[in-house]
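Sequence lines, in order, name chains A and B. Its first residue numbered 233, the first sequence is counted upward by one per residue in this note's numbering. Its first residue numbered 233, the second sequence is counted upward by one per residue in this note's numbering.
Number of protein chains: 2
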Amino acid sequence: MKKHDLVKSIKAKESMLCIGLDTDIKRVPAFIKNNYDNPILEFNKRIIESTKNHCVAYKFNIAFYESMGSSGWQALDESLNLIPQEIFTIADAKRGDIGNTSMLYARTFFETFDFDSITVSPYMGSDSLEPFYGYEDKWVIILGLTSNKGSFDFQMQELSDGRKVYQKVIERCLDFGTSNNTMFVVGATKPEYIQSIREIASDHFFLMPGIGKQGGSLELSLQYGAIDDYGLLINSSRGIIYASEGEDFNEIAHSEAMKLNRSIAEHITY
Amino acid sequence: MKKHDLVKSIKAKESMLCIGLDTDIKRVPAFIKNNYDNPILEFNKRIIESTKNHCVAYKFNIAFYESMGSSGWQALDESLNLIPQEIFTIADAKRGDIGNTSMLYARTFFETFDFDSITVSPYMGSDSLEPFYGYEDKWVIILGLTSNKGSFDFQMQELSDGRKVYQKVIERCLDFGTSNNTMFVVGATKPEYIQSIREIASDHFFLMPGIGKQGGSLELSLQYGAIDDYGLLINSSRGIIYASEGEDFNEIAHSEAMKLNRSIAEHITY
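Set out below in structure tokens:
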């Protein structure tokens with residue numbers, strides 16, 4: 233997908249919402265588990281059907297599918313095929329390895345599957361990221377400053393030049409791609425740092441987890457992170473897909489998505 | 233597997249060798265590809281059969297299996313089952329995510345599969361690593377200083393206290409586990425740094441890639457890295473499994489493994 237199509241989609245839908253399909257068999261409602269051969273697929277199908285007009289991206293947390301073996305990979309494949317062409321898709325895989333291995337991860341998520349983007353971990357540096365850049369209209373989403381408490385362990389360490397590790401990571405990664413094929417993961421739980429990241433990556437999209445269950449501030453995240461071309465995909469996973477565990481789970485997901493869109497719209501002009 | 237069993241195995245076999253099963257369908261000899269339903273499995277079976285008495289560990293590079301979809305996961309499962317109980321197994325997956333997601337990765341590689349260990353990326357910090365520690369006799373192998381050129385981008389950055397990022401990572405990770413359940417990836421391509429890592433993690437095993445195709449020095453790696461309990465798993469992947477592309481590939485793999493063991497033994501007393 234091209235950047236201007238993503239921007240156009242945000243404007244048209246008045247939504248920056250990315251819905252995380254962290255679909256856990258343990259949390260799929262019983263009536264689905266008991267009545268369908270592939271309950272993960274059925275759950276996703278209903279969530280996608282009820283939310284697709286109110287979000288611009290879906291993020292698949294690969295761990296959830298991988299943990300189920302072959303049937304999980306099949307559910308991933310079939311779920312991905314249900315997503316309309318104009319919605320941005322993210323393989324949240326956090327991969328990264330030496331070049332010849334990253335090349336295979338890229339092949340998996342960009343060829344075997346046809347995701348628009350993949351999340352990658354930058355720890356191994358340039359040659360672990362480059363293979364993901366060999367695809368037209370595909371995106372690399374690099375971990376910058378993550379939303380979890382462990383981000384303080386290394387990402388927040390101060391370097392000898394006074395910058396933090398995450399700042400160095402984001403700055404260096406500007407060399408690998410452009411704002412047309414690179415995004416950064418920036419946690420909404422740390423709004424006070426978003427401003428400094430925006431100074432480094434002024435026109436990149438940020439994929440922003442941490443709203444909802446993780447307690448991030450939507451208002452401050454938008455205040456510091458949003459730009460003219462929007463520049464943010466606000467992710468919500470559990471807060472939407474598990475908002476109800478009853479038969480109405482898809483309707484409740486729909487209303488939670490609408491509610492989050494309205495909250496975002498309080499601080500943004502589309 | 234317990235540490236003393238690994239040490240005993242190294243002593244008995246006079247080998248610190250870990251063989252990397254980076255099995256790529258494109259490099260499997262034609263006579264296997266043309267005659268077997270599952271050529272990856274057949275290739276691994278022959279490599280394992282011919283080398284199992286001359287190595288103490290096998291490392292599966294998960295990217296290679298994942299890139300083949302369901303049939304790759306099946307080949308991984310069946311290949312793992314061929315490995316004798318007393319040989320240490322590594323899922324080289326380089327995973328790491330927020331806690332609830334890392335928990336699922338741990339479940340995949342320690343429950344769905346029964347690997348002895350998994351490689352993990354430390355970028356997201358403590359809570360991304362902790363879920364891997366919930367298993368008895370399972371090991372967490374944390375990326376410390378990797379063998380690729382990209383390691384200079386972030387791992388080698390100097391912190392404000394004068395240490396490098398990789399040193400901080402290794403030191404901090406000592407808090408999460410012990411030398412009985414934690415190893416570090418330390419590239420053999422950077423022998424001049426191994427000494428400083430040994431000072432931080434004096435009795436931990438290091439998983440050491442970078443010998444062979446990547447050009448690391450075996451002699452210096454052993455000089456700086458080996459300890460009384462050996463403390464090293466020297467990995468070779470392509471240099472062994474693809475040493476020949478003919479029908480004799482398994483015999484040549486056998487002789488390459490023996491050769492590497494002899495080279496190691498020139499610098500080590502078992």
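Glycine included, each C-beta is placed from N, C-alpha and C at the ideal position. The structure presented is a predicted model; accordingly, all values stated were derived computationally and were not measured.
Within-8 Å CB hit, R259(B) to chain A: no
Spatially closest choice to D396(B) from Y425(B), R470(B), T255(B), by CA coordinates: What sits at residue 396(B) in the sequence shown is Lys, not Asp. The option with the nearest alpha carbon to K396(B) is Y425(B).
Residue-level contact to chain B via CB, Q389(A), 8 Å cutoff: yes
For L314(A), the three-state DSSP class (helix, strand or coil): coil
Exposure of R494(B), with buried meaning 16 or more beta-carbon neighbours within 10 Å: exposed
Burial state of D369(B) (16 or more Cβ within 10 Å): exposed
Exposure of S514(A), with buried meaning 16 or more beta-carbon neighbours within 10 Å: One cannot answer for residue 514(A) here, as it falls past the ends of chain A, which runs 233 to 502.
Local conformation of I433(B) per DSSP, three classes: The sequence given here has Ala at residue 433(B), not Ile. The answer is coil: DSSP assigns A433(B) none of H, G, I, E or B.
A289(B) (DSSP reduced to helix, strand or coil): strand
Which residues DSSP lists as bridging I443(B), in chain order: G448(B)
Short CB-CB distance (under 8 Å) between N293(A) and chain B: yes
Extent of the continuous beta strand (DSSP E) to which N467(A) belongs: 464 to 468
V239(B) versus D461(B) - alpha carbon distance: 6 Å
Cβ of S428(B) within 8 Å of any chain A Cβ: no
Close-in-space but distant-in-sequence residues of the same chain around F275(A) (CB under 6 Å, 5 per side omitted): T255, V260, I264
The alpha helix (DSSP H) enclosing G252(B), as first and last residue numbers: Segment 249 to 253 is the beta strand (DSSP E) holding G252(B); no alpha helix (DSSP H) there.
Minimum Cβ-Cβ distance from G478(A) to chain B less than 8 Å: no
Any chain A beta carbon closer than 8 Å to D269(B): no
Partner residues on chain B for F296(A), Cβ-Cβ distance less than 7 Å: L336
Under 7 Å (Cβ pairs) to chain C, residues found in the segment 427 to 447 of chain B: The structure shown contains no chain C; the protein chains it does contain are A and B.
DSSP bridge partner residues for M415(B) (one or two, in chain order): I373(B), F437(B)
Cutoff 8 Å: Q306(B) Cβ touching any chain A Cβ: yes
Assigned secondary structure, D324(A) (DSSP; H/G/I helix, E/B strand, else coil): strand
Inter-residue CB distance, T421(B) and G444(B) (contact presumed, cutoff 8 Å): In fact, because the Cβ distance is near 10 Å, the residues do not count as touching under 8 Å.
Partner residues on chain A for L406(B), Cβ-Cβ distance less than 8 Å: Those do not exist, as L406(B) stays about 12 Å from chain A at its closest Cβ, beyond 8 Å.
Opposing strand residues paired with I272(A) [DSSP bridges]: Its beta-bridge partners do not exist; DSSP assigns none.
Local conformation of V352(B) per DSSP, three classes: strand
Contacts around F481(B), its chain only, beta-carbon distance under 7 Å, and the 5 residues preceding and following it disregarded: P261
Of the listed residues S311(A), D309(A), G301(A), L308(A), nearest to I307(B) (C-alpha basis): According to the sequence provided, residue 307(B) is Ala. The question's Ile does not apply to it. Considering only alpha carbons, the answer is G301(A).
Test: S299(B) CB closer than 8 Å to a CB of chain A: yes
Segment contact, 8 Å Cβ cut-off, at least three pairs: the segment 473 to 489 of chain B with the segment 270 to 289 of chain B: yes
Of the residues T378(A), G376(A), Q399(A), F347(A), the one placed nearest F364(A), counting alpha carbons only: F347(A)
Contact with chain B by T344(A), beta-carbon distance below 8 Å: yes
CA-to-CA distance, G409(A) to D393(A), given in whole angstroms: 24 Å
Where the segment 350 to 366 of chain A meets chain B: residues whose CB sits under 7 Å from a CB there: S353, P354, Y355, M356, G357, S358, D359, S360
Beta carbon proximity, R278(B) to chain A, threshold 8 Å: no
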